[in-house]
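Numbering (numbering that gives the first Met the number 0), first residue to last: 0 to 254.
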Amino acid sequence: MNLDLIDSLNRKAEPFYAPVPEASKVYVKTRQNGVTYTLAVQNPRPGWFRLRHAAGMSASICGGLPSASHIYDYLAHFPSWTLRALFQSGEQRWAVMPYSKADAAQRGWDGSIRYCHLVRHRLFPGDTFIASLVGGIFIYEIPKRGFLDPPTEEQMAVIDGYHAEIRRQELEAQRKGSKVSLSPKEQVEVGGGRFISLARGVVKWSLGGKSYSMSVRPDGTIISAGVCLDGTDSWHNLVSIVGVMQEHQRLGRTV
């Protein structure tokens with residue numbers, strides 16, 4: 000009996016990255032040291048996440064969104080398709096049809112409507128883009144920029160911008176009582192500002208050439224902004240306060 004094999008089968012998978020589509024039940028796979036793990040995702044929500052092996056044959060989301068290059072390397076292992084967008088049907092999901100029905104028919108798709116998950120750009124009906132077929136599910140890859148060309152630096156920047164937006168939305172969803180896991184520096188940068196320093200509970204940061212100094216709690220909640228916030232939410236963290244300052248600058252207001 001191969002004891003090394005038995006040991007590998009009993010070992011938990013190391014943390015890994017994977018796409019989680021919009022569905023009530025999601026299973027992900029990872030192959031590590033010759034062993035393939037199929038795990039049910041606990042409390043799935045759409046996005047790219049770092050996952051860890053949890054109880055039994057399940058995995059939990061533990062954050063740590065991958066970079067754009069990591070996503071592209073992941074999807075490069077799966078067959079690519081050129082799709083045409085029809086209409087949005089979920090938070091990050093679009094109904095799609097094949098760009099070429101003849102090519103789709105040769106590859107076993109009769110041209111009926113299917114869905115593409117984790118769409119990371121703003122699309123309009125009729126737009127074309129590249130997706131990867133992962134376990135029978137289309138996962139968004141890049142906009143159509145020539146046939147199967149690698150992403151440009153501009154496209155990579157847009158995809159990375161998607162991650163920043165998702166992190167910002169998660170913070171906003173948690174702000175009514177949940178503890179924020181991002182550091183003050185990360186919150187400023189997710190909001191779109193430039194972090195300068197943090198000392199004795201005072202964060203210094205800048206936006207559009209203007210510098211700010213604000214007192215904060217360890218979780219980033221604003222204690223004193225040092226500016227007038229009339230007409231805004233009474234509660235702010237560093238993510239939302241950067242947004243307030245962006246709006247003030249856009250409207251030409253002085254604070």
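Heads up, the beta-carbon is just placed ideally off N, CA and C, and yes, glycines get one too.
CB contact flag (residue i, residue j, <9 Å)
i	j	result
L117	Y98	no
L85	I112	yes
V34	R10	yes
A58	L82	no
P45	V19	yes
F194	V202	yes
G110	M96	yes
Q245	G208	no
Q41	I70	no
Between the CA atoms of residue j and residue i - distance to the nearest angstrom
i	j	result
A104	G242	48 Å
T127	S23	28 Å
K178	I222	Residue confidence for K178 is low, a pLDDT of 44 falling below 50, so the modelled location carries little weight; the figure read from the coordinates is stated next. Answer to the nearest angstrom: the Cα atoms are 16 Å apart.
N236	E90	25 Å
I240	L197	16 Å
S205	G192	6 Å
L132	F123	21 Å
A53	W47	18 Å
Y114	R121	16 Å
P43	M56	15 Å
K184	K100	49 Å
S210	F137	44 Å
Q248	G225	16 Å
Continuous alpha helix (DSSP H) stretch holding residue i: start and end
i	result
I70	67-74
Q41	Here Q41 belongs to no alpha helix (DSSP H), and DSSP marks it neither H nor E.
P14	Segment: none, P14 is in no alpha helix (DSSP H) and carries neither H nor E.
Own chain, CB closer than 8 Å to residue i, minus 5 neighbours either side, in chain order
i	result
D148	At D148 the pLDDT is 47, less than 50, meaning the model places this residue with poor confidence; the figure from the coordinates comes in the next sentence. Taken in chain order, the list of residues that qualify is empty.
Q31	A12, E13, F15
Residue range of the unbroken beta strand (DSSP E) whose run includes residue i
i	result
D84	A small correction: the amino acid at residue 84 is Ala; Asp does not occupy that position in the sequence shown. Looking at the DSSP string, the run of the beta strand (DSSP E) that includes A84 is 79-87.
K209	209-215
Y58	The identity of residue 58 in the sequence shown is Ala, whereas the question assumes Tyr. Taken as a continuous stretch (DSSP letters only), the beta strand (DSSP E) holding A58 covers 57-60.
P124	It is not in any beta strand (DSSP E) - P124 carries neither H nor E in the DSSP assignment.
Minimum C-alpha distance to residue i - residue among the options
i	options	result
F15	A54, G62, V25	G62
R199	S212, P18, I141, R121	S212
P142	S79, N32, S210	S79
G135	V25, P43, V40	V25
T220	Y71, V187, S68	V187
7 Å Cβ shell around residue i - same chain, five flanking residues per side excluded
i	result
Q87	W93
G190	R167, L237, V238, V241, G242
R51	P14, A58, S59, C61
Own chain partners of residue i with C-beta closer than 6 Å, once the 5 adjacent residues on each side are dropped
i	result
S214	G200, V201, I222, S223
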